[in-house]
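S.K.: If you count the sequence shown from 1, you need to add 1 to reach my numbering.
Note that CB positions come from ideal geometry on N, CA and C, so glycine has one too.
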Amino acid sequence: MVKAVLFDYGGVLAEEGFREGLLAIGSKNGLDPALFFSNADALIDRTGYLTGLSDESAYWDALRKQTGIQGSDQELREEILKRFVQRPAMLSVVDLLRQQGLTLALLSDQTNWLDELERTTPLFFHFDRVFNSFRTHKSKRDGSVFQDVCRALGTRPEETLFVDDNLGHIRRAEEQGLKTIHFTGIDDFLKQIIAFVPSSLLRTGTPENENYEKD
């Protein structure tokens with residue numbers, strides 16, 4: 002059994018707005034979407050925007066210069082932000098886990114966008130702690146962040162479960178001793194999590210007729 006559960010945001014608790022938004026931007030600009038996403042994803046780290054070492058404008062300027070895309074900062078960011086749609090079924094699971102005394106934390110590689118999303122669609126109140134790379138100045142691309150989070154929560158790695166849709170992040174967490182679930186959809190997630198928490202916990206308070214959407 003675990004004492005704390007760490008949840009990723011985009012791709013787990015919400016639809017994956019960053020990837021899908023960038024794919025759409027690439028397509029609209031006549032570029033190979035997958036290649037554009039790869040370049041844009043690397044650049045958000047390289048410019049320091051992911052870890053709060055530069056601002057959003059610097060990121061978009063660098064991306065326009067490297068790829069030739071068109072559009073204002075506001076137009077480009079909207080393509081991403083509008084695609085972050087929360088998944089109520091997953092947040093219900095978060096609430097059930099927290100009600101049973103587990104420590105719940107959000108661990109996200111996000112920018113100031115997460116704070117903006119919080120203002121329009123509140124999320125943080127579901128969690129005991131929120132760790133956002135833009136605020137902590139360290140992302141999940143650096144495996145030591147998992148040790149940092151465990152220390153902050155007062156749990157040992159082996160007592161901590163990490164849920165993410167990114168295999169790279171999952172592998173780095175495992176290397177640091179955390180238990181993990183690679184999120185591919187809510188049905189599979191519910192099957193996997195009962196290995197770490199009592200199955201009765203997830204049935205308590207969950208409406209039998211609730212329709213969980215698959216990812």
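Going by the DSSP bridge assignment, what does Phe8 pair with across the sheet?
M.R.: For the purposes of this step, residue 8 is taken as the residue at position 7 of the sequence shown. DSSP lists Leu107, Val164 as partners of Phe8.
S.K.: Whole beta strand (DSSP E) runs in the stretch 4 to 59 with 3 or more residues, listed along the chain?
M.R.: 5 to 8
S.K.: Considering Cα atoms alone, identify which of Leu115, Ile182, Ala35 is closest to Val3.
M.R.: Sequence index remark: in the sequence shown, residue 3 carries index 2 (1-based). For the residues Leu115, Ile182, Ala35, the minimum Cα distance to Val3 belongs to Ile182.
S.K.: So is Gln75 buried or exposed if we call it buried at 16+ other beta carbons inside 10 Å?
M.R.: Locating residue 75 in the sequence shown gives position 74, where the first residue counts as 1. Answer is exposed; the Cβ neighbour count stays below 16.
S.K.: What residue does the alpha helix (DSSP H) around Ile195 start on, and which one ends it?
M.R.: In the sequence shown, residue 195 corresponds to position 194, counting from 1. That residue, Ile195, is in no alpha helix (DSSP H); it is neither H nor E in DSSP.
S.K.: Tell me, please, which residues DSSP counts as bridged to His183.
M.R.: To locate residue 183, count along the sequence shown from 1; it is residue 182. According to DSSP, His183 bridges with Asp165.
S.K.: So what does DSSP say about Val131, is it helix, strand or coil?
M.R.: As a working note, residue 131 is residue 130 in the sequence shown. Strand at Val131.
S.K.: Which term fits Leu168, buried or exposed, when burial requires 16 or more other beta carbons within 10 angstroms of its beta carbon?
M.R.: Counting from one through the sequence shown, the residue named residue 168 turns up at place 167. Exposed is the call here.
S.K.: State the CB to CB distance for the pair Glu21 and Arg84, rounded to an integer number of angstroms; the pair is presumed to be in contact (CB under 8 Å).
M.R.: For this step, residue 21 is matched to residue 20 along the sequence shown. For this step, residue 84 is matched to residue 83 along the sequence shown. With 8 Å as the limit, Glu21 and Arg84 qualify as a contact, their Cβ atoms being about 5 Å apart.
S.K.: I need the boundaries of the alpha helix (DSSP H) containing Arg78, first residue and last residue.
M.R.: Looking up residue 78 in the sequence shown gives position 77. Segment 74 to 82, the alpha helix (DSSP H) holding Arg78.
S.K.: Evaluate Ile195 with the Cβ neighbour count: other Cβ atoms within 10 Å of its Cβ, from every protein chain shown; 16 or more gives buried, anything less gives exposed.
M.R.: Your numbering for residue 195 matches position 194 in the sequence shown. By the 10 Å Cβ count, Ile195 comes out exposed.
S.K.: Whose C-alpha, out of Lys139, Leu124, Lys141, Val198, is nearest the C-alpha of Glu160?
M.R.: Residue mapping note: residue 160 aligns to position 159 of the sequence shown, counting from 1. Glu160 has its Cα closest to that of Val198, out of Lys139, Leu124, Lys141, Val198.
S.K.: Does the beta-carbon of Glu79 have 16 or more other beta-carbons within 10 angstroms, so that it is buried, or is it exposed?
M.R.: On the sequence shown, residue 79 is found 78 positions in, with the first residue counted as 1. Counting Cβ neighbours within 10 Å, Glu79 comes out exposed, since fewer than 16 surround it.
S.K.: Hey, quick one: how far does the alpha helix (DSSP H) through Leu154 stretch, first residue to last?
M.R.: Counting from one through the sequence shown, the residue named residue 154 turns up at place 153. Unbroken alpha helix (DSSP H) run through Leu154: 145 to 154.
S.K.: Starting from Lys117 and walking both ways along the alpha helix (DSSP H), at which residues does that stretch end?
M.R.: Numbered from its first residue, the sequence shown carries residue 117 at position 116. First, the amino acid is wrong: residue 117 is Glu here, not Lys. Element bounds for Glu117: 113 to 121.
S.K.: Can you name the start and end residues of the alpha helix (DSSP H) that Val86 belongs to?
M.R.: For the purposes of this step, residue 86 is taken as the residue at position 85 of the sequence shown. Here Val86 belongs to no alpha helix (DSSP H), and DSSP marks it neither H nor E.
S.K.: Within this structure, are the beta carbons of His127 and Asp96 separated by less than 8 Å?
M.R.: The residue labelled residue 127 in the question sits at position 126 within the sequence shown. The residue labelled residue 96 in the question sits at position 95 within the sequence shown. In contact: His127 and Asp96 (Cβ atoms closer than 8 Å).
S.K.: Under 8 Å between the Cβ atoms of Leu118 and Leu64?
M.R.: On the sequence shown, position 117 is the one that residue 118 refers to. On the sequence shown, position 63 is the one that residue 64 refers to. Contact: no.
S.K.: Quick check: the stretch 35 to 44 against the stretch 93 to 108, are there 3 or more CB pairs under 8 Å?
M.R.: These segments do not touch.
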